[in-house]
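Using our numbering, the first residue of the sequence shown is number 461, and each one after it goes up by one.
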Amino acid sequence: MTGSDPRTASAAPLTGPAAPCWVTLMTRNLETAERFYAQVLGWSFRTGRLGADYSVAYRGEVPVAGVFAVSSAYQVAVAWTPYFAVEDADVAAARVRERSGTVAVGPLTLGKGRGVLASDRDGASFGLWERTEDSASPPAPADHAHAWLRLRTRDAFDAAIFYGEVLDWASGRPGCCDVAYEGDEVIVRCEGHPLARISSGAVEADVDPVVRPHWQVQFPVADLAATVSAAGRHGGALVEERTGFGGTEVTLRDPDGALFAVTDVRSPA
């Protein structure tokens, strides 16, 4: 068992009432997913408020992700998906449609909020989340190992405009996320903490899901080699390894086919 690295306090929090985002895994078998991620990332699980088919992953006492089991009768992709916080799910969903994106589900009332499952105009799936009740989750502690995001898309500049208009990034409103163009990528920061990188080069029609436009959820770990080894022992597989400035990112496939990344990079920026 490896677990997440506690030395990455610079990333934007994904828990607490002011979190800009949340990540959820759609899977076919909840028990298999829980067993895999417990062994690979050191998480524990508790049944969520949405019923027996939904659980929340914890690192210690801090919630880090949701896991939702869906029946094979539904045509829903097995995947990790980021859900971005919005003030009004109806308004945000309308913005997606107006900008040639697609709204697949919602807005639906789920627990303490309203959710939307959508995709951008290049086909990358993401969610919207409007909180309608106060969160009972504690804020993430300073030493919490936050997950972060990377969008692989056709054109980073075009994607930044799309998400900026949908999610009010760089709008100047209090609490909004900022967008900076650094080198060939776009870096999204929330209250000064990096949340996501957006990079160009994805190919919409490619048969390889790693190359097609998609949001990749990345989990920093203390021992990259041990984590990759644990994934292989418990039914996962190594898909891609990328080494660059700052460290190495490894894309893995879990036993149900969902892609995610583990990394020894210290910051998403």
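Even for Gly, the Cβ is constructed at its ideal location relative to N, Cα and C.
In terms of Cβ geometry, A525 and A537 do not form a close pair [threshold 9 Å]. The C-beta distance from C636 to A545 rounds to 11 Å, too long to meet the 8 Å contact threshold.
Residue range 697 to 704 is occupied by the beta strand (DSSP E) that includes G704. Rounded to whole angstroms, H694 and Y641 show a C-alpha spacing of 39 Å.
An exposed status is given to R633, since fewer than 16 other beta-carbon atoms sit within 10 Å of its beta-carbon. Contact between S631 and A471 is ruled out by a C-beta separation of about 22 Å, above the 8 Å threshold. Counting only unbroken stretches of 3 or more residues, the beta strand (DSSP E) elements lying wholly within the region 529 to 567 are 539 to 545, in sequence order. Taking the CA atoms as reference points, E709 sits about 20 Å from A584. In the pairwise beta carbon analysis, the region 607 to 614 is classified as touching the region 665 to 676: at least three pairs are separated by under 8 Å. Residue pairing by DSSP puts V639 in a beta bridge opposite V648.
In the DSSP assignment, L577 falls outside any alpha helix (DSSP H) and lies within the beta strand (DSSP E) extending over 573 to 579.
Between E494 and R555, the C-beta gap is not smaller than 9 Å, which leaves the two residues out of contact. Counting C-beta atoms within 10 angstroms of its own C-beta, S560 has fewer than 16 neighbours from the protein chains shown and is therefore classed as exposed. Contact between A607 and Q678 holds, with the beta-carbon distance rounding to 6 Å and staying under 8 Å. The C-alpha of T484 lies about 7 Å from the C-alpha of F528. Excluding its 5 nearest sequence neighbours in each direction, G717 has C-beta neighbours in its own chain below 7 Å: V538, listed in chain order. It is roughly 13 Å from the alpha-carbon of A479 to the alpha-carbon of V522.
Annotation: A721 to R557 spans about 29 Å, alpha carbon to alpha carbon. Taken atom to atom, the span from the alpha-carbon of T703 to that of T711 is near 12 Å. DSSP lists no bridge partner for Y623. In the structure shown, the three-state DSSP call for R495 is helix.
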